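Order-wise, the sequence lines are chains A and B.
To get our numbering, take the position in the first sequence, counting from 1, and add 29.
Counting from 1, position 51 in the second sequence corresponds to residue 37 in our numbering; the numbering is continuous, with no gaps.
Down below is the structure, laid out as structure tokens.
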Amino acid sequence: NAGVTQTPKFQVLKTGQSMTLQCAQDMNHNSMYWYRQDPGMGLRLIYYSASEGTTDKGEVPNGYNVSRLNKREFSLRLESAAPSQTSVYFCASSEALGQASTDTQYFGPGTRLTVL
Amino acid sequence: GQQLNQSPQSMFIQEGEDVSMNCTSSSIFNTWLWYKQDPGEGPVLLIALYKAGELTSNGRLTAQFGITRKDSFLNISASIPSDVGIYFCAGPNPNDYKLSFGAGTTVTVRA
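Dropping the structure here:
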């Protein structure tokens, strides 16, 4: 039982390049999330998927797209990377967003992305 | 997301000391969560609080849900080197349950 896994762990891109961050969970959770973490700013929600087949924008969605490939997998794509997207990206999952105030999010280990 | 103000921003503590940190919000939360992030890892849930006034412990950690529902406190007793990390408070928005996070308190322990 690995929980939430993310690949890659580190990535360096040049401005304008594209890439996809992968996330998978093995807890049979319905809801999945993508956050970015910047120094002094905590975690900010980029996109989320409340259930398989649905995706919605979070607080900072510009420059990103997501795909909920199936119940297990939720990917984040940067179509044209910019230096402002240099950050640490975390994927998380929970049983069911909005179903209960006790719904708990579990986080992956993160992807450290640098855009030059 | 809703604004959560966490303080202090960072602290250097002596091994064996007790430490406190807090989190405040301008709006009411029905749940308060405390996460810890070890260096190079993702946040891990430490304590969840669901009722105003609730006091909950997890080993050397104790957290309280403020009576006003606009604040929460985390205490670490007898700190040890593995307490190093960033501690985040978080709370689900009562309308859509999406989490808002504080900016974090970075704890460094002096041996």
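In this text, a Cβ means the ideal position worked out from N, Cα and C, and glycines have one as well.
Since the structure is predicted, the reported quantities are computational estimates derived from the model, not experimental observations.
Item                                                                                                                         : Value
Residue 110 of chain A, buried or exposed, once every other Cβ within 10 Å from all chains shown has been counted against 16 : buried
DSSP state of residue 78 of chain B mapped onto helix, strand, coil                                                          : strand
Contacting positions in the region 17 to 50 of chain B - beta carbon closer than 9 Å to chain A                              : 17, 19, 21, 23, 26, 27, 28, 29, 30, 31, 34 and 36
Straight-line gap, residue 124 of chain A to residue 60 of chain B (C-alpha atoms, nearest Å)                                : 26 Å
Contacting residues, own chain, Cβ-Cβ under 7 Å from residue 24 of chain B (five flanking each side not counted)             : 71
Test: residue 73 of chain B CB closer than 7 Å to a CB of chain A                                                            : no
7 Å Cβ cutoff met for residue 101 of chain A and residue 88 of chain A                                                       : no
Closer than 7 Å at the beta carbon, the chain B residues around residue 90 of chain A                                        : In chain order: nothing, as chain B lies at least about 13 Å away.
Cβ pair count under 8 Å reaching 3, the region 20 to 40 of chain B against the region 73 to 90 of chain B                    : yes
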